[in-house]
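Asks:
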Amino acid sequence: MAGEPMIAVADPAATRRLGTYYPVVRDDVLIVVEAFTPEDAADMIGALPEA
Numbered sequence: 051m052a053g054e055p056m057i058a059v060a061d062p063a064a065t066r067r068l069g070t071y072y073p074v075v076r077d078d079v080l081i082v083v084e085a086f087t088p089e090d091a092a093d094m095i096g097a098l099p100e101a
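The numbering of the sequence shown is the numbering used here, which starts it at 51 and goes up by one.
Now the structure itself:
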């Protein structure tokens, strides 16, 4: 997503209520984006400043 390697973490019972978590690692920083759609997550990740 947005050029970043990632893993999507979702609990099917809670996805509609909480969305899906998308962890992104940049250097030694873990960023977790919570979104309802992969497209929204990609937009958020793409808006993050470069390391």
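All C-beta atoms, glycine included, are put in the ideal place defined by N, C-alpha and C.
The structure displayed is predicted, hence computed values, not measured ones.
Identify, in the order they occur along the chain, each residue of the same chain with its Cβ nearer than 6 Å to the Cβ of Ala85, setting aside the five sequence neighbours on each side.
Replies: As a working mapping, residue 85 is identified with position 35 in the sequence shown. Excluding positions up to five away in sequence, the list reads Gly69 and Ala91.
Asks: Let me know the secondary structure DSSP gives Leu68 once reduced to three states.
Replies: Residue mapping note: residue 68 aligns to position 18 of the sequence shown, counting from 1. Of the three classes helix, strand and coil, the one that applies to Leu68 here is helix, per DSSP.
Asks: Quick one: give me the first and last residue of the alpha helix (DSSP H) that Glu100 is part of.
Replies: Counting from 1 along the sequence shown, the entry for residue 100 is found at position 50. From DSSP, Glu100 is part of no alpha helix (DSSP H); its letter is neither H nor E.
Asks: May I ask you to report which of helix, strand or coil DSSP gives Pro62?
Replies: For the purposes of this step, residue 62 is taken as residue 12 along the sequence shown, with counting starting at 1. Reduced to three states, the DSSP call for Pro62 is coil.
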